[in-house]
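Q: Dumping the structure here so I can ask a few things about it.
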Amino acid sequence: MIPMEHVLILGAALFAIGMYGVLARRNAVLILLSVELMLNAVNLNLIAFNVYLRPNPATGMVFSVFVIVIAAAEAGLALAIILRLFRNRRTANVDEADLLKW
Amino acid sequence: MNPDYSLLIPEYILAVWAALVVAVDVMMPKLRRDVPAYLAALGALAAGIASVLYIDVNKGFEAIPGVTIMHVDDYTTYMRVLLCGIAVFILLMSAQFVRMRLSHAGEYSAIVLVATLGGMLMVEGTELITSWIALELLSFCFYTLVSFARRELRSNEAGLKYMLLGAFSTALFLYGLSLIYGVTGTTTYDGIAAALSNRGEDLTLALVVGFVFIIAGLGFKVAAVPFHMYTPDAYQGAPLPITAMLSTTSKAAAFALFFRLFTTAFLPAHEEWKWMIALIAAVTMMWGNLVALQQTNLRRLFAYSSIGQVGFMLIAVAAATQDAGSSLLFHMAGYAVTNLAAFTIIVVFFNREGSDEIADLAGLAERQPFLALAMVTALFSLAGMPLFAGFFTKFMLFVSGWDAGLEWLSGVAVVASLISLYYYLMVIRQMYVIAPRVPGRFRTPALLWGVIAVLVVGVFFLGIWPAPLLDAADTAAAFLFRA
Amino acid sequence: MFDSINEFQVWLIYLLPLASCLLIAAQYVIPAPIRPNPRSLSTLSILLMAGSFLLALQTLGVVMNAAEPGQMVGFGEHRWLSIAAGDIHLDVPIGIRLDGLTAVMLVVVTAVALLVQFYSQGYMAGDPGYPRYYAFLSLFTTSMLGLVLADNMLMLFMHWELVGLCSYLLIGFWFANPARPGYTSPAAAAKKAFIVTRAGDVGFLIAILLIWTRTHTFNILEIQEIAEAHRIPDHIITLFALGVFAGAAGKSAQFPLHTWLPDAMEGPTPVSALIHAATMVAAGVYLVARLFPVYEASEQAMDVVAIIGAITALVAATMGLVMRDLKRVLAYSTISQLGYMMLALGVGGLVAGIFHLMNHAFFKAMLFLGSGSVNHGTNTFDMHKMGGLRRYMPITFATFVIGSLSLAGIPPLSGFWSKDEILVDAWYENKLLFAAALTVAFMTAFYMFRAVFLTFFGEYRGGEPGGGHGGASAHGDESHDAHAQPDGGAHAPAHHAMPHESPLVMWLPLAILAVPSILSGLVNAPFFHHPFGDFILQSVPETLRHEPHPFNWGIAISSSVLAVLGIAFAALLYAGGRVRVPLSLLARPFYVLFSHKYFLDELYERAIVGGILYQGVWRLAAWFDATVVDGAVNGVARFTRGASAIMRRAQTGSEQSYGLMLTGGAALMVLFLFITALR
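Protein chains in written order, with my numbering: chain E, 1 to 102; chain C, 103 to 585; chain A, 586 to 1264.
Here you go:
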């Protein structure tokens, strides 16, 4: 069986990639995608801990299901907001939205 | 055994009422657009009254036997009443604003109610998944509300920034939760506390990294430096009553969650996270109050002022003692009353003038002496002058911090509090000393006049006779330290 | 009548002015056309104040009649709030501490407040903010009385802050008036006073937090007992005492936090008399006196108090030498005298300090009210525009001279007795401090009589055009209190009415205050066996009740001679109606004083030195104070704003930079953890 550490490292790597994406991407949709990556890293963690450390009760599994559901809702809401910005400004780039500062 | 569903009646009231408000709005398209807000205010009031009935109840909501996901006790009751009260005032100050500037009045009011519902669940949650979902419920409502002014670029932008950063911080928070779950193997607060007290002497790195991520996530919600960056922008871009709500509901609920989580679940590891939070508190209060000095926009000023206040409140979290808890709850109430007063005044001014620049307040004392005087009251309270609510609530926070061995932090807080006086005086100067740009007196609408008067009286009441509320806060906080 | 007093009567002293404030505030709810006449409001306020004063007198009588005069009359405490959380029990009671010190302060505060309110009827007549003025004045008096009565640190601190707040409101009373040329505007002065005094309060608040966590009590008496028995470590006592002193230094305008007081003169003059001469600025001295046993327990703290007091007295006195503005002379003189009181306390002279506080309150209030009267007649505070007023304003002149003589320390006026006691206490403690105090005594006599001669002697130099009969409106359409119209000076009429004596409501308080200015010194005169001293000493534990030092003829004579010399010097320089003193003239007094050729060589040298001193060093000192000390205080503010401007730039508006900051913060914390974990 694959050792737990490998799963956790995969999760951490995924998390880091997602984090990089959030910080480096300019397009709001891509930022959102990167956040989804981070959330999936969380899911990996939860399931790994659940399976390897305490298989019963399946709290981690339940948790990850909730994370998936909420992430979906989040994506929907975020896309609506991005769309609204796009309608008004014809862009979805976050660095072009800087009316509010200082 | 089935869970005791009767424990959540205030929540049901809010949920059903929110649906009702939307339904009424849909059914009666001719309805004046300020009516849903008043209707919703009634709902919040009803939920608040229902919450009062739970005084002295001390009972857990067990989703499955042995897993308490929510707990109703005096702590919950205190915060429920506070959150419902805030919602009532937010809705009252929203009514005319929505009528003049926003569409979808019914949805707006309903979402305000749902946000309050989310806040209440955050307070009650005693299990990580539940608390997190409640947090998300509150956050989603706020993402929507901040970008509610659909055609305003500022509102769009504020919503986008808030949303994206919020999602990002949620990811961090969740990663932290997953690590805690990994170390302790459970998600209930009690279970975590038990696991943490049995873990022996060695410092588990995963655990502390988990704390860092959780603090980052919650720090974002309460707007602690350096996780605060969205705050001024969101405050400035959001519809004005929502700004008020961000600074009260969002902050109060997040702090209630923060405090409950850290003093019940994580208390055995106090030594590990105390210094992180104390450090963040010190940076937050200095940063918020310093940057506030240079602001020209009222809402940004209040954003930074609220960041400064967050620094003060974080003292209580870092101290994590019972009297820190009572002073936190006490301060939260005093702060909410004061801030609501200030924002109601700003709403009245904005409805009339369409501006939220400090410079445009010039001559307010001549144009509308009542507003100016009420604003002075609110500002002196925020600055922590005696007679006003802010003095004693802040003093209690400092005492509890000092008592918990955080002398340096309380010292920094006293200095930060001095700095804050400076920018509040600048606003007062603008209202009294500078001649008005636009001549002519104007009147405050009767309802909002009443609201402001009530809140100002509240500010004085808490300043002169704080004992009743402090007693209540103390009883409430005692529940967290029962064990 | 003087046998006993119940607690409610003592509370009434506090509550009557509060009632007057609330009643006046309440009338604003009534629609404007049917509001009561402002006159009736001020009458009401004065009557309530008079009631408060009478009760204060009765209280004093009761305390004097006690078995041991001055002994503490105890009343129980009342629970104001208390929380019990775990092992911590926080009780905040409210209660009265009534002993000799309190009783004296009560009488001083209520007496001056009453006279100032009476006087203000004339001075503030016609001002559109007349009711508001009385409301603020009453609120101030209430807070001051609360401060004096408080038996615990927290109540004291709350009233302390309220006093500061009222001072802010009153200095900025004419907030809409523009700045006089060369001075700050009332609004800016008010803000400065508020911020600077609150900077001192940072120390005070920290001291309270410190002492509470160490002793778990706010009660002043208990804190004193604990400190006296050294039940907490000495360094804690010292830190506490120094923190409290920081607060006291802010309120009592001690170096280097004194810069706000001269600016505070932009407020109405009766306010200056009440707040910035007699009561609020004395609160710091009172506070140190109230906690005297704590200070006695820490030698370092006593030394700091004495040294700061001496520096303040010296620096401010030099500043007073060169001011042109009559009120500023008085302001610097106040700072200097407050330094004197602190010096007295610092060398262990509790009685001397409080004695001087009382005498000073009376004659300085009179001097301020006198300067207000002068302004009423001439519409200016600029002494270069006055002169010769003794012919036009005889009563003001007479009282002003009495006040100046008392302040200068001419026997047997009140100022002499208390100043002498301070000098004696300093003499036995530290000769250097004594020398400083003696120098100050000389300078005091000089600058006060410089002011007297410039103002009242010579020929009238025209005053300032304008109404001069009160009535500044909120936005400065009328000039008032030397807030001349911005364009007023440019086309001043060549001739206008001669100055005249002020109305009865204004000169009567002056005349009344002249009585204690002359006589109040006798209450502690040595040949009456120091009754006042015994009275005050009852408020401290027995171990601290030192026998008074015997009357020292040498010191008394030398200080009196110095005072006379100062007056003579001023007379020679300024009596001729001269405004600016040419350098060569400075030699003249020495010619006259030492007409023997015998001293001539030395004389030349001293004349030159004197000239350089006067024109150079003193002006340099004035410049130093205005630029460096004040600049440092302002510089802190500027630095803060600068830092703020830089930090503000972090908010770039770009979402990604926000995310970066967020991540960076979390990453830093993790890094920090790794470092501490590896250690």
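The beta carbon of each residue, even a glycine, is placed where N, CA and C say it ideally should be.
Excluding the 5 residues preceding and the 5 following Ser1144 (chain A) in the sequence, name in chain order all residues of the same chain whose CB lies nearer than 7 Å to its CB.
A: Within the same chain, Ser1144 (chain A) has close Cβ partners Gly994, Lys1004, Asp1005, Leu1008, Leu1023, Ala1026.
Q: Chain C partners of Pro791 (chain A), CB-CB under 7 Å?
A: According to the sequence shown, residue 791 (chain A) is Ile rather than Pro. Those are Gly513, Val516, listed as they occur along chain C.
Q: Could you have a look at Leu1008 (chain A) and say whether DSSP puts it in helix, strand or coil?
A: Correct three-state label for Leu1008 (chain A): helix.
Q: Using a Cβ-Cβ cut-off of less than 7 Å, give me the residues of the segment 28–61 of chain E that come near chain A, in sequence order.
A: Of all residues in the segment 28–61 of chain E, none has a Cβ within less than 7 Å of some Cβ in chain A.
Q: For a test of the three-state rule: what should DSSP assign to Ala833 (chain A), helix, strand or coil?
A: Helix.
Q: Give a yes or no on contact between the segment 334–352 of chain C and the segment 214–227 of chain C, applying the rule of three or more CB pairs nearer than 8 Å.
A: Enough Cβ pairs lie closer than 8 Å, so yes.
Q: To the nearest angstrom, report how far apart Pro997 (chain A) and Ala882 (chain A) are at their CA atoms.
A: Near 35 Å, if we compare the C-alpha coordinates of Ala882 (chain A) and Pro997 (chain A).
Q: Using a Cβ cut-off of 8 Å, which residues of the segment 257–282 of chain C contact any Cβ in chain A, in chain order?
A: Answer set for the segment 257–282 of chain C: Leu262, Lys263, Leu266, Leu267, Phe270, Ser271, Leu274.
Q: In the DSSP assignment, what are the bridge partners of Lys161 (chain C)?
A: DSSP, once it has assigned bridges, lists C:Val174 as partnering Lys161 (chain C).
Q: Can you tell me the Cα-Cα spacing of Ser1087 (chain A) and Met978 (chain A), whole angstroms?
A: If you take the alpha carbons of Ser1087 (chain A) and Met978 (chain A), they lie about 7 Å apart.
Q: Does DSSP put Leu683 (chain A) in a helix, in a strand, or in coil?
A: Strand.
Q: For the segment 215–231 of chain C and the segment 178–187 of chain C, state whether three or more C-beta atom pairs, one from each stretch, are separated by less than 8 Å.
A: Yes, the segment 215–231 of chain C touches the segment 178–187 of chain C.
Q: Quick one: any contact between the segment 1102–1120 of chain A and the segment 954–961 of chain A, if contact means 3 or more CB pairs under 8 Å?
A: No, the segment 1102–1120 of chain A is not in contact with the segment 954–961 of chain A.
Q: For Pro678 (chain A), which three-state DSSP category applies?
A: In the structure shown, Pro678 (chain A) sits in a strand (DSSP, three-state: E or B).
Q: Should Ser428 (chain C) go down as buried or exposed, given a rule of 16 or more other Cβ atoms within 10 Å for buried?
A: With 16 or more Cβ atoms within 10 Å of its Cβ, Ser428 (chain C) is classed as buried.
Q: When the Cα atoms are used, what is the spatial distance from Pro138 (chain C) to Ala73 (chain E)?
A: Using only the alpha carbons, I get a separation of about 26 Å.
Q: Is the Cβ of Asp1062 (chain A) closer than 8 Å to any Cβ of chain C?
A: Residue placement at Asp1062 (chain A) is flagged as unreliable, the pLDDT there being 33, under the threshold of 50; a coordinate-derived value is accordingly withheld.
Q: Are Ile805 (chain A) and Asp888 (chain A) closer than 8 Å when you measure CB to CB?
A: No. Outside cutoff.
Q: Rank C:Met130, C:Tyr332, C:Leu549 by C-alpha distance to the C-alpha of Phe270 (chain C) and give the top, closest one.
A: When each option's Cα is compared against that of Phe270 (chain C), the closest is C:Tyr332.
Q: Quick check: Gly565 (chain C) and Phe497 (chain C), are their CB atoms within less than 8 Å of each other?
A: No, they are not a contact pair.
Q: Could you tell me if Pro1078 (chain A) is buried or exposed, where buried requires 16 or more neighbouring beta carbons within 10 angstroms of its beta carbon?
A: Below a pLDDT of 50, predicted positions are generally treated as unreliable, and Pro1078 (chain A), at 36, falls in that range; the measurement from the model is reported next regardless. Result: exposed.
Q: Give the single residue among A:Val986, A:Gly1047, A:Arg765, A:Pro1133 whose Cα lies nearest to the Cα of Val1283 (chain A).
A: Nothing can be reported for residue 1283 (chain A), as the shown portion of chain A is limited to 586 through 1264.
Q: When you compare the CB of Ile68 (chain E) with every CB in chain C, is at least one pair closer than 8 Å?
A: Chain C, which has no Cβ nearer than 8 Å to the Cβ of Ile68 (chain E), makes this no.
Q: Are Phe191 (chain C) and Val553 (chain C) touching if we call contact CB-CB under 8 Å?
A: Yes, the pair counts as a contact, with Cβ atoms nearer than the cut-off.
Q: Using a beta-carbon distance below 8 Å, is Glu74 (chain E) in contact with chain C?
A: Chain C, which has a Cβ nearer than 8 Å to the Cβ of Glu74 (chain E), makes this yes.
Q: Pick out whichever of C:Asn399, C:Tyr406, C:Leu122 has its Cα sitting closest to the Cα of Asn389 (chain C).
A: Strictly speaking, residue 389 (chain C) in this sequence is Trp, with Asn absent from that position. Considering only alpha carbons, the answer is C:Tyr406.
Q: Specify the secondary structure class of Asn804 (chain A) as computed by DSSP and reduced to three states.
A: Correct three-state label for Asn804 (chain A): strand.
Q: Which partner residues does His663 (chain A) have in the DSSP bridge list?
A: Answer is A:Ile679.
Q: With distance defined between alpha-carbon atoms, name the residue in A:Leu640, A:Thr800, A:Tyr704, A:Gly1238 nearest to Phe953 (chain A).
A: Selected option, being the one with the closest Cα: A:Tyr704.
Q: For Thr290 (chain C), does the three-state DSSP call read helix, strand or coil?
A: Here Thr290 (chain C) sits in strand by DSSP.
Q: Flag this pair as touching only if the segment 927–935 of chain A and the segment 847–858 of chain A have three or more C-beta atom pairs under 8 Å; answer yes or no.
A: As far as the Cβ criterion goes, the segment 927–935 of chain A does not touch the segment 847–858 of chain A, which means the pair count is below three.
Q: If contact means a Cβ-Cβ distance below 7 Å, which residues of the segment 929–943 of chain A contact chain C?
A: Flagged: no residues at all.
Q: Per DSSP, what kind of secondary structure is Gly221 (chain C) in: helix, strand or coil?
A: Three-state result, Gly221 (chain C): helix.
Q: Using a 10 Å radius around the Cβ and a threshold of 16 neighbouring Cβ atoms, would you call Arg545 (chain C) buried or exposed?
A: Arg545 (chain C) is exposed by the Cβ-count criterion.
Q: Following the continuous alpha helix (DSSP H) through Phe364 (chain C), name the residue where it begins and the one where it ends.
A: Here Phe364 (chain C) belongs to no alpha helix (DSSP H), and DSSP marks it neither H nor E.
Q: Ile188 (chain C) and Thr351 (chain C) - do their beta-carbons sit closer together than 8 Å?
A: In this structure, Ile188 (chain C) lies closer than 8 Å to Thr351 (chain C) by Cβ.
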